[in-house]
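Residue numbers (the working numbering): 164 to 312.
Using N, Cα and C, we set each Cβ at its ideal position, and we do this for glycine too.
None of these values were measured; they are calculated from a predicted model.
Remarks on the structure that follows.
And the structure:
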């Protein structure tokens with residue numbers, strides 16, 4: 164019969180790394196912002212949509228060459244996939260604190276609003292408005308509907 168340590172170790176071995184989950188989430192974010200399906204991204208990379216799903220969930224790790232290909236296809240710098248990473252995972256704020264010494268630190272942006280499908284669809288729809296004057300009026304309308312600060 165397996166010991167508790169063995170079960171716990173096996174459970175940890177099958178759990179995705181928080182970094183892999185974060186990077187996968189950033190892949191999903193960018194893909195969604197571009198209005199690209201998992202199937203289309205897979206085709207561009209020579210993968211199946213199921214493989215793309217596993218990358219986005221963090222179930223499969225993304226190697227350096229695949230990360231390079233993702234950055235090229237999604238038209239972002241490689242660093243994009245590591246943006247907004249928490250301090251616990253060695254994110255940029257942790258590096259900034261080590262380098263900056265006594266400089267004031269900013270609180271992390273913990274709001275999940277930017278990662279919601281509704282937000283992404285709204286941003287995509289907004290930028291599909293070709294006429295800058297109409298886009299500005301839509302922007303002004305949305306601002307007028309929100310409570311003042």
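To the nearest angstrom, how far is the alpha carbon of residue i from that of residue j?
i           : j           : result
residue 285 : residue 207 : 25 Å
residue 196 : residue 240 : 15 Å
residue 224 : residue 293 : 38 Å
residue 291 : residue 226 : 33 Å
residue 191 : residue 177 : 21 Å
residue 193 : residue 311 : 31 Å
residue 288 : residue 307 : 19 Å
Going by beta carbon distance, what residues of the same chain come within less than 6 Å of residue i, once the five residues before and after it are set aside?
i           : result
residue 244 : 186 and 189
residue 271 : Since pLDDT at residue 271 reaches only 43, below the 50 mark, its modelled position is unreliable, and no value is offered.
Grab me the residues of residue i's own chain with a C-beta within less than 8 Å of its C-beta, minus the 5 sequence neighbours each way, in chain order.
i           : result
residue 231 : 241
Here's a check: name, in chain order, each residue in its chain whose Cβ is nearer than 7 Å to the Cβ of residue i, leaving out the five neighbours to either side.
i           : result
residue 203 : none
residue 217 : 223
Does the CB of residue i have a neighbour CB from chain D at under 7 Å?
i           : result
residue 223 : Structure shown: chain D not included; a single protein chain is present.
**OP:** Would you mind listing the alpha helix (DSSP H) stretches within the stretch 185-229 that are 4+ residues and don't spill past its ends, in chain order?
**Re:** Listed in chain order, they are 201-208 and 212-220.
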